[in-house]
Amino acid sequence: MKIAQVAPLWEQVPPPNYGGIELVVSRLTDELVRRGHEVTLFASGDSQTLARLAAIYPRALRLDNNVKEYAVYEMLELSQAYQQAAEFDIIHSHVGIAALALASLVSTPTVHTLHGNFTKDNINVYSHHQKQPYVSISNAQRQINLNYAATVYNGIQLTDYPFIAQPKEPPYLAFLGRFSPEKGPHQAIAIAKQTGWRLKMAGKVDVADSKFFEQEIAPKIDGQQIEYLGEINHTAKAELLGNAAITLFPISWQEPFGLVMIESMATGTPVIAMNLGSVPEVIVQGQTGFICQNYQEMAAMIPAALKLNRHACREHVKNKFSVTQMVDGYEAVYKEIIKNRINLNGYIHAAKVRQ
Numbered sequence: 055m056k057i058a059q060v061a062p063l064w065e066q067v068p069p070p071n072y073g074g075i076e077l078v079v080s081r082l083t084d085e086l087v088r089r090g091h092e093v094t095l096f097a098s099g100d101s102q103t104l105a106r107l108a109a110i111y112p113r114a115l116r117l118d119n120n121v122k123e124y125a126v127y128e129m130l131e132l133s134q135a136y137q138q139a140a141e142f143d144i145i146h147s148h149v150g151i152a153a154l155a156l157a158s159l160v161s162t163p164t165v166h167t168l169h170g171n172f173t174k175d176n177i178n179v180y181s182h183h184q185k186q187p188y189v190s191i192s193n194a195q196r197q198i199n200l201n202y203a204a205t206v207y208n209g210i211q212l213t214d215y216p217f218i219a220q221p222k223e224p225p226y227l228a229f230l231g232r233f234s235p236e237k238g239p240h241q242a243i244a245i246a247k248q249t250g251w252r253l254k255m256a257g258k259v260d261v262a263d264s265k266f267f268e269q270e271i272a273p274k275i276d277g278q279q280i281e282y283l284g285e286i287n288h289t290a291k292a293e294l295l296g297n298a299a300i301t302l303f304p305i306s307w308q309e310p311f312g313l314v315m316i317e318s319m320a321t322g323t324p325v326i327a328m329n330l331g332s333v334p335e336v337i338v339q340g341q342t343g344f345i346c347q348n349y350q351e352m353a354a355m356i357p358a359a360l361k362l363n364r365h366a367c368r369e370h371v372k373n374k375f376s377v378t379q380m381v382d383g384y385e386a387v388y389k390e391i392i393k394n395r396i397n398l399n400g401y402i403h404a405a406k407v408r409q
């Protein structure tokens with residue numbers, strides 16, 4: 055198949071540090087090329103890919119302080135992709151609502167992966183383009199009525215996450231993620247303080263969250279019990295998670311898919327998480343971690359989590375959340391959409407849900 059992948063321009067593909075969407079796009083794109091598909095990746099010019107790279111800007115927008123209107127370059131990228139639409143069998147958009155209007159104007163079908171949550175504002179746009187084909191990344195994400203072609207879980211390359219049978223001493227808890235209130239880093243600190251555990255934390259601090267970090271996080275970092283490692287690369291991320299006794303996932307929002315959970319389990323480290331969003335679809339209760347109703351329960355489950363089989367955590371990811379499974383899912387979606395499409399506006403008949 056001739057496939058176009060349209061990635062956000064905010065980060066390069068794959069991202070050097072934090073960037074879940076771009077990491078998924080990278081793994082998907084490269085594996086499609088390995089399987090013999092002809093793939094064009096629309097992304098920033100500093101991206102690294104096995105596909106043909108089509109870039110309208112030389113670097114990730116996040117790295118360029120001269121760029122003030124990000125939407126301009128996002129529009130240019132989409133214009134470039136859809137001007138070439140006739141060259142592709144299918145276009146795969148990872149940029150949310152931005153592609154919807156253009157997708158409805160060409161006969162080449164577009165499938166949209168929903169990487170984020172629905173809001174009271176973007177629901178209006180999605181509802182207007184209800185018939186276009188969408189892929190949810192968890193069943194929990196399906197909060198409005200759209201033409202869902204499938205649920206395809208995000209997958210990771212297991213070789214990027216070495217299995218660690220015995221974590222380093224002294225033991226510690228890990229937190230990895232963006233330092234924003236809904237991700238719960240302050241709750242991770244509270245759990246560590248309550249239980250007396252060491253906590254190692256890593257992730258980026260966006261400008262919008264700088265006040266939260268300065269007020270709620272920074273004063274509690276002492277470099278001993280509570281340690282902050284900053285924004286770290288993939289190798290350091292795998293080491294942080296793999297050498298932890300337990301990874302905490304104390305979210306307070308309906309996260310559509312928590313990549314950190316499968317990254318942690320791939321290294322063998324179980325996860326204790328709040329029962330929100332995709333968590334029940336990712337963690338096997340009492341086998342690869344614990345799904346909790348509140349933060350007090352998260353703290354209380356630490357002793358039980360220490361007894362879980364680290365090999366079982368790794369096997370769970372291998373069997374359900376590998377790149378192979380993810381790409382199998384998307385290949386099936388592409389074939390179904392191409393087979394069933396209606397030429398008018400690129401709309402398709404609803405496909406079967408793939409789980």
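The sequence shown lines up with residues 55 to 409 when you count with the working numbering. The C-beta atom is built at its ideal place from N, Cα and C for all residues, glycine as well. These figures come from a predicted structure and were not determined experimentally.
Hey, out of the options, whose CA is closest to residue i's CA?
| i | options | result |
| --- | --- | --- |
| residue 127 | 81, 63, 366 | 63 |
| residue 274 | 263, 292, 255 | 255 |
| residue 280 | 372, 291, 250 | 250 |
| residue 320 | 364, 347, 303, 307 | 364 |
| residue 160 | 135, 176, 151 | 135 |
| residue 260 | 90, 99, 231, 277 | 231 |
| residue 366 | 390, 77, 354, 218 | 218 |
| residue 333 | 313, 323, 349, 322 | 313 |
| residue 297 | 386, 330, 252 | 252 |
| residue 61 | 166, 162, 91, 139 | 166 |
| residue 172 | 195, 191, 157, 182 | 195 |
| residue 133 | 109, 143, 113 | 109 |
| residue 214 | 87, 105, 392, 289 | 289 |
| residue 268 | 170, 100, 240, 285 | 240 |
| residue 141 | 368, 59, 65, 293 | 59 |
| residue 102 | 119, 116, 68, 115 | 68 |
| residue 99 | 115, 375, 88, 87 | 115 |
| residue 295 | 331, 222, 238, 57 | 222 |
| residue 118 | 65, 283, 199 | 65 |
| residue 151 | 144, 137, 169 | 169 |
| residue 429 | 338, 149, 198 | This structure cannot speak to residue 429, because the chain is shown only from 55 to 409. |
Does DSSP put residue i in a helix, in a strand, or in coil?
| i | result |
| --- | --- |
| residue 217 | coil |
| residue 336 | helix |
| residue 87 | helix |
| residue 374 | helix |
| residue 107 | strand |
| residue 131 | helix |
| residue 277 | coil |
| residue 55 | coil |
| residue 149 | coil |
| residue 160 | coil |
| residue 75 | helix |
| residue 403 | Because residue 403 carries a pLDDT of 42, less than 50, the predicted location of this residue cannot be relied on, and no value is offered for it. |
| residue 395 | strand |
| residue 70 | coil |
| residue 116 | helix |
| residue 264 | helix |
| residue 238 | coil |
| residue 141 | helix |
| residue 270 | helix |
| residue 82 | helix |
Going by DSSP, what residue range makes up the beta strand (DSSP E) through residue i?
| i | result |
| --- | --- |
| residue 230 | 227 to 230 |
| residue 328 | 325 to 328 |
| residue 202 | 201 to 205 |
| residue 196 | Looking at the DSSP string, residue 196 is not in any beta strand (DSSP E), and its letter there is neither H nor E. |
| residue 154 | Not the beta strand (DSSP E): residue 154 falls in the alpha helix (DSSP H), residues 154 to 157. |
| residue 96 | 92 to 96 |
| residue 303 | 300 to 303 |
The alpha helix (DSSP H) with residue i in it runs from where to where?
| i | result |
| --- | --- |
| residue 180 | 176 to 182 |
| residue 289 | 288 to 296 |
| residue 321 | 313 to 321 |
| residue 66 | Counting along the chain, residue 66 falls outside any alpha helix (DSSP H), and DSSP gives it neither H nor E. |
| residue 357 | 356 to 359 |
Less than 8 angstroms between the CB atoms is what I'm expecting for residue i and residue j, so what's the real figure, rounded?
| i | j | result |
| --- | --- | --- |
| residue 356 | residue 343 | That belief does not hold up - the Cβ atoms of residue 356 and residue 343 are roughly 11 angstroms apart, past 8 angstroms. |
| residue 351 | residue 307 | Not a contact, Cβ separation roughly 18 angstroms. |
| residue 257 | residue 72 | 6 angstroms |
| residue 316 | residue 371 | 5 angstroms |
| residue 147 | residue 153 | 4 angstroms |
| residue 155 | residue 164 | So it is not a contact: roughly 11 angstroms between Cβ atoms. |
| residue 55 | residue 384 | No, residue 55 and residue 384 are not in contact; Cβ-Cβ is about 11 angstroms, not under 8 angstroms. |
| residue 324 | residue 354 | At roughly 15 angstroms, the Cβ-Cβ gap does not stay under 8 angstroms, so residue 324 and residue 354 are not in contact. |
| residue 203 | residue 180 | That pair is no contact at about 14 angstroms. |
| residue 206 | residue 380 | 6 angstroms |
Taking only heavy atoms of the ligand MG into account, decide whether any of them is closer than 7 angstroms to the Cβ of residue i.
| i | result |
| --- | --- |
| residue 374 | With respect to the ligand MG, the structure shown offers nothing to examine, as it has no ligands at all. |
Which residues does DSSP list as the beta-bridge partners of residue i?
| i | result |
| --- | --- |
| residue 124 | Answer by DSSP bridge pairing: none, since residue 124 is not bridged. |
| residue 255 | 229, 282 |
| residue 345 | 327 |
| residue 246 | The partner list for residue 246 (beta bridge, DSSP) is empty, contrary to what the question assumes. |
| residue 166 | 147, 188 |
| residue 210 | 376 |
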